[in-house]
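Protein chains in written order, with my numbering: chain A, 1 to 180; chain B, 1001 to 1180. What follows is a short report on a single structure.
2 protein chains.
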Amino acid sequence: MRKMRIGKAFTLLEPGPVVLVTTNDGRKNNVMTISWTMVVDFTPMFALTTGPWNYSFAALERTKECVIAIPTVDLLDTVVGVGTCSGSDTDKFARYGLTPIQGKLVRAPLIKQCLANIECRVVDIVRRHNILVLRGLVAYFDSARREKRTIHAVGDGTFIVDGRKLTRRKMMWSKIPAGL
Amino acid sequence: MRKMRIGKAFTLLEPGPVVLVTTNDGRKNNVMTISWTMVVDFTPMFALTTGPWNYSFAALERTKECVIAIPTVDLLDTVVGVGTCSGSDTDKFARYGLTPIQGKLVRAPLIKQCLANIECRVVDIVRRHNILVLRGLVAYFDSARREKRTIHAVGDGTFIVDGRKLTRRKMMWSKIPAGL
Chain A
1 MRKMRIGKAF TLLEPGPVVL VTTNDGRKNN VMTISWTMVV DFTPMFALTT
51 GPWNYSFAAL ERTKECVIAI PTVDLLDTVV GVGTCSGSDT DKFARYGLTP
101 IQGKLVRAPL IKQCLANIEC RVVDIVRRHN ILVLRGLVAY FDSARREKRT
151 IHAVGDGTFI VDGRKLTRRK MMWSKIPAGL
Chain B
1001 MRKMRIGKAF TLLEPGPVVL VTTNDGRKNN VMTISWTMVV DFTPMFALTT
1051 GPWNYSFAAL ERTKECVIAI PTVDLLDTVV GVGTCSGSDT DKFARYGLTP
1101 IQGKLVRAPL IKQCLANIEC RVVDIVRRHN ILVLRGLVAY FDSARREKRT
1151 IHAVGDGTFI VDGRKLTRRK MMWSKIPAGL
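In structure tokens form, the structure reads like this:
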């Protein structure tokens, strides 16, 4: 897991993969599955939808920190498992064999098994819509990992796996941020 | 293009496809390419990031209406083309051969060539983050269309096409909204 230039980190979330979001409330680590995320700017800022109905929300609100971890298709059962139990009565890291790694700037752990991780700070909570706005601080990418296909939740219990990649870099050059 | 139950429309955006967003400013139709969207709730509410730097923003702000259209991989060059020119000097519907269809509740047009369309009302603009919050009003799906693979923008000029679909409906039954 090597550091990735932070100006490139928005490309991890722009395709819309399901993600794992870790928190640490000062006593223990927790992790939730989230599909409702988007990029807000290239610096990068991200938004995600969550609220008091999620056990992780209290830790997000208090610590103002989290890690967005990007799983790949080999972790699908973990992603679904993490999304269907609660940190209120389950140590999800232990139950799903996830290995926490200490990041640089936040207490929430990176997940060793994931393809990428982004340490984030919660910079705003838009309470009337349950939208959290996050600043990405440090990003990591495991380029040694063989499986790199991420997964996209449909919301009805099915998931779409990344298929082939097409390039339109020439057509799009005027819109691609410098250095990408 | 048949109507789809509105309670199912969030499943069109949850996987994170690149979308086309149409507007009508009272004089003419326009369309932009947007990759920064997310679901906000199941009713459905959606969020997207845009702002005054986009020509469509003035129409969105004034009319408070738009259509989110979901293109498939055969429309990739159209998606990129629409995203790299401006409605300020281009009739993008004419230039890219897109056929506008009148919806039920908003003046912004559906796009005949797309797999799905969602008529939306802008219910809020969170100006400090350039986040628009939309309510989906009426949804349509073209089940007769053969190509159904959507595309996911990476942000660096490349795109990921939908690959195979996996189901975890049994594992997830407790989290799937009724009727899906």
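Here a beta-carbon is modelled for each residue, glycine too, at the ideal position from N, C-alpha and C.
Around the C-beta of Asp1162 of chain B, are 16 or more other C-beta atoms found within 10 angstroms, so that it is buried, or is it exposed?
Counted from its first residue, the second sequence places residue 1162 of chain B at position 162. When all chains shown are included, Asp1162 of chain B counts as buried.
Can you round the beta-carbon distance between Trp1036 of chain B and Val126 of chain A to whole angstroms, since I take them to be within the 8 Å contact cut?
Counting from one through the second sequence, the residue named residue 1036 of chain B turns up at place 36. Counting from one through the first sequence, the residue named residue 126 of chain A turns up at place 126. 15 Å between Cβ atoms; not a contact.
Comparing the C-beta of Gly1016 of chain B with each C-beta of chain A, is any distance below 8 Å?
Counted from its first residue, the second sequence places residue 1016 of chain B at position 16. Yes, Gly1016 of chain B lies at the interface with chain A (some Cβ there is under 8 Å from its Cβ).
Can you tell me whether DSSP reads Ile1131 of chain B as helix, strand or coil?
Residue 1131 of chain B sits at position 131 when you count from the first residue of the second sequence. Three-state result, Ile1131 of chain B: strand.
Looking only at DSSP bridge pairs, what is Ile176 of chain A linked to?
Taking the first residue of the first sequence as position 1, residue 176 of chain A is located at position 176. In the DSSP output, where bridge partners are listed per residue, Ile176 of chain A has none listed.
Is it a yes or a no for the region 87-95 of chain A touching the region 120-139 of chain A, going by three-plus beta-carbon pairs under 8 Å?
Cβ pair count under 8 Å is below three, so no.
Can you tell me which of B:Leu1075, B:Val1154, B:Ser1056 puts its alpha carbon nearest to the alpha carbon of Cys1066 of chain B?
For the purposes of this step, residue 1066 of chain B is identified with residue 66 of the second sequence, where counting begins at 1. Out of B:Leu1075, B:Val1154, B:Ser1056, B:Ser1056 has the C-alpha closest to the C-alpha of Cys1066 of chain B.
At the level of alpha carbons, what is the spacing between Lys112 of chain A and Lys1064 of chain B?
Working through the first sequence from its first residue, we reach residue 112 of chain A at position 112. Working through the second sequence from its first residue, we reach residue 1064 of chain B at position 64. Computed Cα separation, rounded: 44 Å.
Counting pairs of beta carbons, one from the region 149-158 of chain A and one from the region 4-18 of chain A, are three or more of them closer than 8 Å?
These segments touch.
Taking the alpha-carbon positions, what's the Phe1046 of chain B to Thr1022 of chain B distance?
Position 46 of the second sequence, counted from the start, is the residue given in the question as residue 1046 of chain B. Position 22 of the second sequence, counted from the start, is the residue given in the question as residue 1022 of chain B. Rounded to the nearest angstrom, the two C-alpha atoms are 15 Å apart.
On the CB-based measure, 16 or more other CB atoms within 10 Å of its CB, does Pro1052 of chain B come out buried or exposed?
Position 52 of the second sequence holds residue 1052 of chain B. With fewer than 16 other Cβ atoms within 10 Å, it is exposed.
Given 7 Å as the limit, tell me if Gly1087 of chain B has its C-beta closer than that to any heavy atom belonging to the ligand MG.
In the structure shown, the ligand MG is absent, as is every other ligand, since no ligand is present at all.
Going along the chain, which unbroken runs of the alpha helix (DSSP H) with 4 or more residues stay wholly within the region 1033-1121 of chain B?
Counting whole runs of 4 or more residues, the region 1033-1121 of chain B contains the alpha helix (DSSP H) stretches 1056-1063, 1076-1083, 1092-1095.
For Met1232 of chain B, tell me which candidate among A:Cys114, A:Val80, A:Pro100, A:Phe93 has the shortest Cα-Cα distance.
Residue numbering for chain B in the displayed model covers 1001 to 1180; residue 1232 of chain B lies beyond these limits and cannot be assessed.
Under 8 Å, Cβ to Cβ, is there at least one residue of chain B near Ser35 of chain A?
Walking along the first sequence from the start, residue 35 of chain A turns up at place 35. Answer yes: the Cβ-Cβ gap between Ser35 of chain A and chain B drops below 8 Å somewhere.
Does the Cβ of Ala1139 of chain B have 16 or more other Cβ atoms within 10 Å, making it buried, or fewer, making it exposed?
For the purposes of this step, residue 1139 of chain B is taken as the residue at position 139 of the second sequence. So Ala1139 of chain B counts as buried.
Check the C-beta distance from Thr167 of chain A over to Thr1158 of chain B and give it rounded, since I have them as a contact under 8 Å.
For the purposes of this step, residue 167 of chain A is identified with residue 167 of the first sequence, where counting begins at 1. For the purposes of this step, residue 1158 of chain B is identified with residue 158 of the second sequence, where counting begins at 1. That belief holds up - the Cβ atoms of Thr167 of chain A and Thr1158 of chain B are roughly 5 Å apart, short of 8 Å.
Report the residues of the region 153-169 of chain A with a CB closer than 9 Å to any CB of chain B, ordered along the chain.
So the list reads Ala153, Val154, Gly155, Asp156, Gly157, Thr158, Phe159, Ile160, Val161, Asp162, Gly163, Arg164, Lys165, Leu166, Thr167, Arg168, Arg169, given in the order they occur along the chain.
According to DSSP, which residues form a beta bridge with Phe1010 of chain B?
Against the second sequence, residue 1010 of chain B aligns to sequence position 10. DSSP, once it has assigned bridges, lists no residue as partnering Phe1010 of chain B.
Going by DSSP, which residues form a beta bridge with Ala153 of chain A?
By one-based count along the first sequence, residue 153 of chain A stands at place 153. A:Phe159.
For a contact defined as C-beta to C-beta under 8 Å, what are the partners of Val1126 of chain B on chain A?
Numbered from its first residue, the second sequence carries residue 1126 of chain B at position 126. Chain A residues near Val1126 of chain B: Val126, His129, Ile131.
Taking Ile1070 of chain B as the reference, give the member of B:Thr1011, B:Asp1025, B:Gly1179 with the closest Cα.
The sequence position of residue 1070 of chain B within the second sequence is 70, counting from 1. Closest by alpha carbon: B:Thr1011.
For the region 1026-1050 of chain B, which residues have a CB atom closer than 9 Å to at least one CB atom of chain A, in sequence order?
Going along the region 1026-1050 of chain B in chain order, one finds Ser1035, Trp1036, Thr1037, Met1038, Val1039, Val1040, Asp1041, Phe1042, Met1045, Ala1047, Leu1048, Thr1049 with a Cβ nearer than 9 Å to chain A.
If you compare alpha carbons, which of A:Lys28, A:Gly83, A:Val82 is closest to Thr58 of chain A?
To locate residue 58 of chain A, count along the first sequence from 1; it is residue 58. Inspection of the sequence shows that residue 58 of chain A is occupied by Ala rather than by Thr. Measuring from the Cα of Ala58 of chain A, the nearest candidate turns out to be A:Lys28.
If I follow the unbroken beta strand (DSSP E) through Arg2 of chain A, where does it start and stop?
Sequence index remark: in the first sequence, residue 2 of chain A carries index 2 (1-based). Counting along the chain, the beta strand (DSSP E) containing Arg2 of chain A begins and ends at 2-4.
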